[in-house]
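All the letters of the sequence shown, read from the start, carry residue numbers 77 to 684 under the numbering used here. Where a beta carbon is used, it is the ideal one built from N, C-alpha and C, also for glycine. Here the structure is a predicted model, which means the values were calculated and not measured.
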Amino acid sequence: MNNKKSEIQISVNTALQASITPIGIDFEMNRLRLGENYCCIFAITDYPSECDYGWLSKLTNIPGTIVSINSEPIDNGEAVNEISKKIRMYRGQAASTKDPRERQRCQKAADDQEKIMAKMDQNGEVMGKWNTTIMVLSRDKEDYNSRCDRVKNVASILGCKIRVLSNLQREGYQQISPTYPQIKRIQETSSRYFPVSTFVGGFPFSSGGFNDGKGFYLGKNSSGGLILLDLWKRGSSRTNSNITIVGGSGSGKSTAIKHIIASEYARGTKIIVIDPESEYKDMCYNPLFEGNWIDVAGGKGGLINPLQIRPVPPDTDDENAEPQENDSIGDLAIHLKTLQTFFRLYIPSMDDRLRALLDQALVELYHKFGISWDTDVSGYSANQFPTLTDLYNLIAEKAKLKDNNTVYYEDLKTYLEGAANGADHRLWNGYTTINPTSGFIVLDTKSLIQMSGTVLAAQYFNVLSWCWEQITHDRKERIMLVADECWTMIDPRCPQSLEFLKNAEKRARKYEGSIIVGTQSTNDFLDPEVKFYGQSVLDLPTFKLLFSMDGKSLKETTELFNLNDAQSEYISSGQRGTALMKVGNQAVIVRFELSEERLEMFGRGGGR
Ligand SMILES: Nc1ncnc2c1ncn2[C@@H]1O[C@H](COP(=O)(O)OP(=O)(O)O)[C@@H](O)[C@H]1O
Ligand SMILES: [Mg+2]
Numbered sequence: 077m078n079n080k081k082s083e084i085q086i087s088v089n090t091a092l093q094a095s096i097t098p099i100g101i102d103f104e105m106n107r108l109r110l111g112e113n114y115c116c117i118f119a120i121t122d123y124p125s126e127c128d129y130g131w132l133s134k135l136t137n138i139p140g141t142i143v144s145i146n147s148e149p150i151d152n153g154e155a156v157n158e159i160s161k162k163i164r165m166y167r168g169q170a171a172s173t174k175d176p177r178e179r180q181r182c183q184k185a186a187d188d189q190e191k192i193m194a195k196m197d198q199n200g201e202v203m204g205k206w207n208t209t210i211m212v213l214s215r216d217k218e219d220y221n222s223r224c225d226r227v228k229n230v231a232s233i234l235g236c237k238i239r240v241l242s243n244l245q246r247e248g249y250q251q252i253s254p255t256y257p258q259i260k261r262i263q264e265t266s267s268r269y270f271p272v273s274t275f276v277g278g279f280p281f282s283s284g285g286f287n288d289g290k291g292f293y294l295g296k297n298s299s300g301g302l303i304l305l306d307l308w309k310r311g312s313s314r315t316n317s318n319i320t321i322v323g324g325s326g327s328g329k330s331t332a333i334k335h336i337i338a339s340e341y342a343r344g345t346k347i348i349v350i351d352p353e354s355e356y357k358d359m360c361y362n363p364l365f366e367g368n369w370i371d372v373a374g375g376k377g378g379l380i381n382p383l384q385i386r387p388v389p390p391d392t393d394d395e396n397a398e399p400q401e402n403d404s405i406g407d408l409a410i411h412l413k414t415l416q417t418f419f420r421l422y423i424p425s426m427d428d429r430l431r432a433l434l435d436q437a438l439v440e441l442y443h444k445f446g447i448s449w450d451t452d453v454s455g456y457s458a459n460q461f462p463t464l465t466d467l468y469n470l471i472a473e474k475a476k477l478k479d480n481n482t483v484y485y486e487d488l489k490t491y492l493e494g495a496a497n498g499a500d501h502r503l504w505n506g507y508t509t510i511n512p513t514s515g516f517i518v519l520d521t522k523s524l525i526q527m528s529g530t531v532l533a534a535q536y537f538n539v540l541s542w543c544w545e546q547i548t549h550d551r552k553e554r555i556m557l558v559a560d561e562c563w564t565m566i567d568p569r570c571p572q573s574l575e576f577l578k579n580a581e582k583r584a585r586k587y588e589g590s591i592i593v594g595t596q597s598t599n600d601f602l603d604p605e606v607k608f609y610g611q612s613v614l615d616l617p618t619f620k621l622l623f624s625m626d627g628k629s630l631k632e633t634t635e636l637f638n639l640n641d642a643q644s645e646y647i648s649s650g651q652r653g654t655a656l657m658k659v660g661n662q663a664v665i666v667r668f669e670l671s672e673e674r675l676e677m678f679g680r681g682g683g684r
C-alpha cells in the first residue's frame, strides 16, 4: 500500500490574481498607497453620550470612504467595571491638571461616562464594545486631503473623537477588508463601550433599505436609494397587498395614493377609487387613464340599485374555508343579509317587527320577479331585478289588505317613502345605471357629505358592496380599491361599513385584490363603538404609510403600530411627501420624489 500523501498542485491563475489584487500596497506611518490611490485609515476613539436618531448614517455615507464597524457583545458587569475605572481616571485627571481647558475636557468625559452608566443602571441598557474604522481613498491628492478633512469634520460635528491610526495603517487595512477579521491591535486601541440601542439607532431604522427589486418605483429612502415595491409579493410578514395611509391634512397622502394607482394601473391593475373630496376627477379624465368618473351621490349614470342582487362568492370568517362549503347558500340569501344592513343604516329607528315584515316583503318581491332561494342570478341583466318602486308598491298593496299588520305596513310605507319617491330616490330608485367601461373608475361621493348621516352611511355601504362585487368578479384580475379620507364615511352608530371593509381587507388577497385605506384621523376608527372593526381596518394591511401628523392621531398611531420613540418623533416632524413605511417589523423612510410631469398627471385636485 502506498502511504505517501499525494500532493495536488494548484497552479496560480496569474491573470486572475493580477486583476483582483492592487498593483502595489505601500504602508507609511499615517497613510498607505493602494495602487494609484492615496489612502488613510482613521478610527473613532470616542462616541458622543447623546446621539440623534440616525446619527451614524452621516458618518457612513461620506463619498470616497469605506467604513467598517465591529461589535462585540459584552457582559454588563465587565462594562460597569471598565466605565467606573474610566470615570475615576477622568475625575483624577480633572482634579490634578492646571490647564482649565484640559480640566473641562476631563470633566465632560467623566460626565459622559456617568450618563452611560446611568443608562445601564436605570434603563437596563445593554452595552456593546464597538470599533469603527474609516478608510478614505482617492487618486487625486487634493481630493484625498479634502475627503480626510470632511471625515474629521463630520466626526467632530457628531461629537465623535477620531484619529489617524498611526503606525497601524497595515492593521487598519486588514480590519477593513471584506472578510471582517478582528485585528487585535486595532481592537485594543479603538474599541469603546457604548449602549447597543444608541449604536443601532445610529442607522436610520436599522433595517436600512427596502427594495423588492421589481414592481414599481415607490420613492427614495433616506439615503437617496430607490425603493421598488412589488405590492403583490408574499412573504412571512407580507400576507396581503393592502395599504393603510395615515397623515395630517396636506401631508401628501392623496399624492402618494395617486402615484401608487398610476403605477399599478400601468402594470395592468384595475383601479376603483371612492373619492369623498372630489380630488381624483382631473386624474380620471387625463387621456392617460380615460377613466370613468361617476357621481354616486345622485348623479347621472351613478345609480346602484340596492335591490340588484350582486352575486358574490360566499365566504366565512374562516380564512381557509373552501368556497364550495358555502355554495348551498344562494345569491338571494346572501343579498338579503346585505339588504338588512343597508336598511338598518338608512332607517336605524325601525323596530324588529318592521324589519321582519320588510324581510318577508323582500322575499315575496323577489319571488314575483322569478328569483327564489336557489336561483343563479349571474346571467341576469340590471332590469331583471325589482326596484324600490316595486318594493314600495308591494308594501302599499299589503297595507290596503286591512288585516292585523296594516298599521305596520303603513309605517313601513312611510319609512320607504323617501327612498322610493322622495329626496333619496335619485340615489337608489331605478335599475342600476353604473356601467364602467374602463379600468380606472372614480366613484365621487362628495355630495353625499351634505346629506343626512343615515343616507351617507347607507350609500357608502351600497357603494362598497358594489365595489366588492367588482373585486370578486374575477379571481385572477388584479383590482385595487381606494377609500381615501375614509374617516368621512364612518359613523360610530353604525359600524357595518367598517365591518365590511375589514372583511374585504381580509379576503381581498383571495381575489388578487388590494385595498388602500387613507385617513387623516385615526380617532374615528378607534371610537369605542367601532374600535373592534376600525382597529383591524388600520392594522390588517401589510403596508402602513405614515405621513406627518400630530396630536391625537400621532399618539394613537404610535400605540397602534408599536412605533419606537425615533419613529414617532420622525412622523411628528415629517415633511410633506415623506412617510415612514412599516412592513411587518421593518420600517423605512420613503420620500415620494416625483417628477413635475407626474404631479401634473395627478391634476389639480388636492389644492395644487
Ligand atoms: N411627494 C410630493 N411631491 C410634490 N408635491 C407634493 C407631494 N406630496 C404632496 N404634494 C403637494 O402637497 C399638497 C397636499 O398634498 P395631498 O397629497 O393632497 O395631501 P393629503 O392628501 O395628505 O391632504 C398638494 O398640493 C400636492 O401637490
Ligand atoms: Mg387627501
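Scanning its chain for C-beta atoms nearer than 8 Å, with the 5 sequence neighbours on each side dropped, one finds around residue 660 the residues 312, 313, 314 and 618, in chain order. Residue state for residue 296 is assigned as strand, using DSSP reduced to three classes. Annotation for residue 269: the continuous beta strand (DSSP E) segment containing it runs 268-271.
Residue 624 has its Cβ no nearer than 6 Å to any heavy atom of ligand 2.
The C-beta distance from residue 421 to residue 537 rounds to 6 Å, short enough to fall under 8 Å. Counted as a single uninterrupted DSSP element, the stretch harbouring residue 529 is not any beta strand (DSSP E) but the alpha helix (DSSP H) occupying residues 529-549. Residue pairing for residue 144: DSSP places it in a beta bridge opposite 209.
Under the DSSP assignment, residue 662 falls in the beta strand (DSSP E) whose first and last residues are 662-667. For residue 149 and residue 205, the gap between their C-alpha atoms comes out near 6 Å. The DSSP assignment places 319-322 as complete runs of the beta strand (DSSP E) inside the region 305-347, in order along the chain (cut-off: 3 residues).
Residue environment: residue 548 is assigned as buried (16 or more neighbouring CB atoms within 10 Å of its CB, all protein chains considered).
In this structure, DSSP gives residue 494 a helical state, which the three-state scheme calls helix. CA-CA distance, residue 527 to residue 359, rounds to 26 Å. Under the three-state reduction of DSSP output, residue 239 falls in the strand class. When the beta-carbon positions are compared, residue 559 and residue 337 stay at least 7 Å from each other.
Ranked by how close their Cα comes to the Cα of residue 428, the residues 502, 636 and 484 have 484 in first place.
Distance from the CA of residue 452 to the CA of residue 406, rounded to the nearest whole angstrom, comes to 7 Å.
Residue 639 and residue 325 have their C-alpha atoms spaced approximately 21 Å apart. Using a C-beta cut-off of 8 Å, the region 573-590 makes contact with the region 601-609, since at least three inter-stretch Cβ pairs fall below that distance. When DSSP states are grouped into helix, strand and coil, residue 215 belongs to the coil group. In the same chain as residue 424, and ignoring 5 residues on each side of it, the C-beta atoms closer than 8 Å to its own belong to 530, 569 and 570, in chain order. Around the beta carbon of residue 673, fewer than 16 other beta carbons sit within 10 angstroms, so the residue counts as exposed. The shortest CA-to-CA distance from residue 475 to any of 489, 467 and 462 is the one to 489.
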